[in-house]
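Going down the list, the protein sequences come from chains W and A. Per our numbering: the first sequence = residues 1 to 153. Per our numbering: the second sequence = residues 1 to 153. The beta-carbon is built from N, C-alpha and C at its ideal position, and this holds for glycine as well. None of these values were measured; they are calculated from a predicted model.
Protein chains: 2
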Amino acid sequence: MHITQYTDYALRVLIYLGASPERATIAEIAERYQISRSHLMKVVNQLVQEGYVEGTRGKGGGIALARPAAQIVIGEVVRKVEGDFTLVECFGADNQCRIAPACRLKGALYQALQAFLAVLDGYTLADFLPNAEALMALMQVPTAHPVQLHRPA
Amino acid sequence: MHITQYTDYALRVLIYLGASPERATIAEIAERYQISRSHLMKVVNQLVQEGYVEGTRGKGGGIALARPAAQIVIGEVVRKVEGDFTLVECFGADNQCRIAPACRLKGALYQALQAFLAVLDGYTLADFLPNAEALMALMQVPTAHPVQLHRPA
């Protein structure tokens, strides 16, 4: 059982932006986490569309949280970015399992999924940021192959 | 977010065996659900190893539940057959995410996972079987390409 890497990256971006004292760039976040910049680009685009992140262009530009961290509910983010909650075949539109019309397992799994999301609804991004400095410090560790961060001086 | 097809099949096998009035064969279950017989074989092997299913050979042989349905806890089955609960990278041994030592998201996700499993711990196989006849009836529907069921007469 996994959540997608895409959702994982979305949460990492939000944590980074919440912890960072200034605007950031996608290149910088990709470098700090050592993850794919093109993957991050898609993730950030959706976060902008969903109203969690805002970007400004030009000198001093970059991306930042579009609202206070305390107003970013983690369960809500996961629902929006994870997208596919087809836990098992019968959750999907193309279900082929014959017993679906009478099967009570689906209801139990659905209830379990709701419990999963309900826990995450109990957290906002702010809950993950009391140790923002420690998080940023962990990301300052020099990398083996540092890249130029296109961040305005 | 998904659980594996393997776990889905394990649960389907248990439901089938719980609903069936007599011993079944893997070929029969594969035919009724129209799923791969070789996949089912692996699933049933594990269910036998875990003590949920027992098999007998020879005439009148086949597989059946190894214990009463009320003693088969769904959360326990899912824990055993799903195997990999690496929800995100940092749950795994080969985590590369730098902020893991200070990240509180992992704890929240772990708590959500426990809530998911706790719901399933509240169900036994018996909870899915009050309508066993309806389940069996759904599986009796003739298939487009019926195969010979190697079931003893």
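> Secondary structure at A64(A), three-state DSSP: helix, strand or coil?
Replying inline: Residue state, collapsed to three classes: strand.
> Between L125(A) and G18(A), which are expected to be in contact by the criterion C-beta below 8 angstroms, what is the C-beta distance as a whole number of angstroms?
Replying inline: 5 angstroms
> A157(A) by DSSP, collapsed to three states: which one?
Replying inline: The shown model of chain A, from 1 to 153, leaves out residue 157(A), and the question about it has no answer.
> Which parts of the region 10-76 of chain W are runs of the alpha helix (DSSP H), unbroken and 4 residues or longer, counting only runs that do not cross its ends?
Replying inline: 26-33, 37-49
>> Would the region 110-125 of chain W count as touching the region 104-122 of chain A if we require 3 or more Cβ pairs under 8 angstroms?
In response: yes
>> List, in chain order, every chain A residue whose beta-carbon is nearer than 8 angstroms to that of Q96(W).
In response: Q34
>> I'd like to know if R104(W) contacts chain A, where contact means its C-beta is closer than 8 angstroms to some C-beta of that chain.
In response: R104(W) belongs to the set of residues whose beta carbon lies under 8 angstroms from a beta carbon in chain A.
> Can you find a CB in chain A that lies within less than 8 angstroms of the CB of Y6(W)?
Replying inline: no
> Mind pulling the chain A residues with CB within less than 7 angstroms of V88(W)?
Replying inline: Ordered by position in chain A, the residues that pass the 7 angstroms Cβ test against V88(W) are I3, D8.
>> Measuring alpha carbon to alpha carbon, tell me which residue in F128(W), Q96(W), S38(W), A66(W) is nearest K106(A).
In response: F128(W)
> Looking at chain A, which residues of the region 119-144 of chain W have a Cβ within less than 7 angstroms of any of its Cβ atoms?
Replying inline: V119, L120, Y123, D127, F128, N131, A134, L135, L138, M139, V141
> With 8 angstroms set as the bound, which would you pick, yes or no: does the beta-carbon of Q111(W) sit closer than that to a beta-carbon of chain A?
Replying inline: Closer than 8 angstroms: yes.
>> Classify A24(W): buried if its beta carbon has 16 or more other beta carbons within 10 angstroms, exposed otherwise.
In response: buried
>> Which of the three DSSP states is assigned to T124(A) in this structure?
In response: In this structure, T124(A) counts as strand in the three-state DSSP scheme.
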